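Have a look at the structure below, then the notes.
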Amino acid sequence: MTPIRVLFAGLAFTASMTLGSSALQAGNGAPAKKPSKPKPVSAPADVVLKLPAGFHAQVFAEGLKQPRHIVVTREGDVYVKLNHLQDGNGIIRLRDTDHDGKADQVTGFGNYTGTGIALKGNYLYATSDEEIFRYQLDDKDEVVDPQHPQRIVTGLLNRHEHESKSIILDNDGNLYTNIGAYSNVCQVKDRAVGSPGISPCPILDSAGGIWKFKADKTDQTYGDGGRYGTGFRNTVGLDWNNQTNSLFIMVHGRDQLHDNFPDLYTQDQGNDLPAETFYEVHQGTNGGWPYAYWDQNKKQYILNPEYGGDGKKTAGEDAQAPVMGFPGHMAPDGLLFYTGNQFPARYKNGAFITFHGSWNRQPEEKGYYVVFVPFKDGKPTGKWEVFADNFAGTEHITSPGKALHRPCGLAQGPDGSIYVTDDAHGTIFKISYTGK
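So, in structure tokens, the structure goes:
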């Protein structure tokens with residue numbers, strides 16, 4: 135891993151390019167030109183990204199209001215979903231007209247916040263915490279009527295805990311969304327010491343899993359769709375793997391094993407367990423929540439103590455093992471299978487995952503990086519490795535609020551570069567490979 139020092143070097147936008155009200159226009163701007171070969175430039179002085187040799191980071195945009203998930207069109211335009219309205223807009227479109235690797239044309243639309251955004255065919259899809267919308271695109275991948283989207287799904291559960299809705303589409307006209315559980319472990323009293331788990335867990339009827347809907351039918355509700363996978367506490371990162379023609383997801387594990395059961399779990403065990411889990415999901419796949427968690431060290435499902443577990447009893451006989459388990463409490467928020475040709479061949483069809491960093495490791499937090507998992511024939515072929523590190527700006531994080539940047543969304547550009555959002559300080563990074 136070679137440290138790449140990235141300096142500010144005059145990258146601040148001019149007044150006409152800032153991400154304030156003067157730059158957010160109602161229209162979609164001039165048609166984009168074909169993207170040119172990536173030219174690495176500098177990123178801000180407050181971060182020193184560590185990347186493998188030959189890779190370079192640059193700032194594509196900054197000053198955004200909590201940018202979450204992101205997509206890049208065939209023309210190289212970037213659409214990003216905001217979790218905080220910016221001049222009344224929840225979706226921002228960014229265009230690099232002079233091909234220097236920085237956005238210099240900015241427009242916005244969509245008066246709702248949220249996390250999810252996806253591209254498929256001639257449509258852009260985006261989510262609030264309760265609804266899913268789609269916008270028609272023209273032959274330049276520009277939104278035709280940004281003020282009047284179609285509402286595809288409505289009435290999704292939002293109890294203000296794990297409420298974000300991420301989305302992805304398959305190749306057969308279906309749309310998938312996560313509906314996070316509004317609970318830690320489905321207890322009678324959430325997160326309370328000594329409160330037992332409810333069995334069967336009523337939350338699983340409408341949350342704690344992945345739901346499937348038609349991509350082209352308007353105003354669908356729960357009754358029009360179906361539960362595709364269950365037992366997933368909270369899924370923020372998901373992607374469709376075209377090699378396997380299947381859905382893959384990253385799941386946030388439960389909290390507070392040591393805090394609530396110090397006689398069963400040491401602080402170190404509470405920091406490490408349970409795993410953040412990586413699943414291939416098919417119809418009916420079960421991830422075990424809330425009854426069991428995955429122990430990445432033992433490679434077993436362990437019965438949760440709220441359901442009578444003691445840290446050793448196994449469980450989850452009807453649950454599917456994940457394809458990989460990561461250390462606990464790092465908050466995986468983005469997943470991307472790389473299909474480009476710019477990066478070296480070993481990255482082709484492998485998975486990039488953003489770890490947003492979590493709040494419940496003591497005394498220091500972990501995560502705040504992008505990792506890579508090599509794949510072959512649709513399965514991981516080796517250990518995961520840190521790809522882009524030090525978004526936080528320091529090795530010692532005691533609180534998420536002290537991190538300079540927190541990686542969240544991932545997208546691949548038409549030239550094979552990848553884009554990473556930072557929802558803490560509103561930056562979009564572009565990572566390219568030149569071999570130099």
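Read in order, the letters of the sequence shown are residues 135 to 570 in the numbering used here. Glycine included, each C-beta is placed from N, C-alpha and C at the ideal position. Small disclaimer: the values here were computed from a predicted structure and weren't measured.
Query: Starting from H386, follow its DSSP beta bridges and name the residues at the other end.; Result: N368
Query: In angstroms, rounded to a whole number, what distance separates the CA positions of N318 and D232?; Result: 48 angstroms
Query: In chain order, which beta strand (DSSP E) runs of at least 3 residues are fully inside the region 384 to 436?; Result: 410 to 415, 426 to 429
Query: Which first and last residues belong to the beta strand (DSSP E) in which R573 is found?; Result: Summary: the structure shown does not reach residue 573, with the chain confined to residues 135 through 570, and so no result is reported for it.
Query: For the beta strand (DSSP E) containing F489, name the first residue and the last one.; Result: 485 to 489
Query: Tell me which residues share the same chain as K446 and place their Cβ nearer than 8 angstroms to its Cβ, disregarding the 5 neighbours each side in the sequence.; Result: I436
Query: Can at least three beta-carbon pairs, one atom from the region 350 to 358 and one from the region 380 to 394, be found at a separation below 8 angstroms?; Result: no
Query: Please give the ranges of any beta strand (DSSP E) in the region 216 to 295, keeping only runs that are unbroken, at least 3 residues long and fully inside the region.; Result: 223 to 229, 239 to 243, 251 to 254, 257 to 261, 266 to 270, 284 to 287
Query: With DSSP collapsed to three states, give me the class of R480.; Result: helix
Query: If you compare alpha carbons, which of N483, P408, G360, G387 is closest to V370?; Result: G387
Query: Determine the direct distance from the alpha carbon of D444 to that of G404, and round the result to whole angstroms.; Result: 13 angstroms
Query: Assign P574 to one of two classes, buried (16 or more other C-beta atoms within 10 Å of its C-beta) or exposed (fewer than that).; Result: With the chain covering 135 to 570 only, the question about residue 574 has no answer from this structure.
Query: Need the endpoints of the beta strand (DSSP E) that Y310 sits in, please.; Result: 308 to 313
Query: Hey, how far is the Cα of G289 from the Cα of F189?; Result: 43 angstroms
Query: Using 8 angstroms as the cut-off, can you tell me whether the region 180 to 199 makes contact with the region 524 to 533, which would need three or more C-beta pairs spanning the two stretches below that distance?; Result: yes
Query: In whole angstroms, what is the alpha-carbon distance linking V327 and G342?; Result: 22 angstroms
Query: So D556 is in the beta strand (DSSP E); what residue range does that whole segment cover?; Result: 552 to 556
Query: Classify I565 as helix, strand or coil using the three-state DSSP reduction.; Result: strand
Query: Would a C-beta distance cut-off of 8 angstroms place A449 and A426 closer than the cut-off?; Result: yes
Query: What's the call for G359, buried or exposed, on a 16-neighbour Cβ count within 10 Å?; Result: buried
Query: Helix or strand or just coil, what does DSSP make of K184?; Result: strand
Query: Do you know offhand how far K346's Cα is from H539's?; Result: 33 angstroms
Query: By DSSP's criteria, R361 is part of a beta bridge. Which residues make up the other side?; Result: W345
Query: Excluding the five sequence neighbours on either side, which residues of its own chain have a C-beta within less than 7 angstroms of the C-beta of G550, listed in chain order?; Result: G474, N475, Q476, F477
Query: Using the Cα positions of D306 and F194, report the straight-line distance between them to the nearest angstrom.; Result: 33 angstroms
Query: Residue range of the beta strand (DSSP E) that L544 falls in?; Result: 541 to 546
Query: With the cut-off set at 8 angstroms, would you say I552 and V214 are in Cβ contact?; Result: no
Query: Here's a check: name, in chain order, each residue in its chain whose Cβ is nearer than 7 angstroms to the Cβ of S155, leaving out the five neighbours to either side.; Result: Any reading at S155 must be qualified, since the residue scores a pLDDT of 35, below 50, and its modelled position is unreliable; the value itself is stated next. The residues are D221.
Query: Given a cut-off of 8 angstroms, decide if E499 and G491 are closer than it, judged by their beta-carbon atoms.; Result: yes
Query: To the nearest angstrom, report how far apart Y502 and Y362 are at their CA atoms.; Result: 30 angstroms
Query: Determine, using beta carbons only, whether G468 and G543 come nearer to each other than 8 angstroms.; Result: yes
Query: Once DSSP output is grouped into helix, strand and coil, what is the label at K167?; Result: Unreliable placement is indicated for K167, whose pLDDT of 40 sits below 50; no coordinate value is reported for it.
Query: Can you give me the C-alpha to C-alpha distance between T261 and G224, rounded to a whole angstrom?; Result: 10 angstroms
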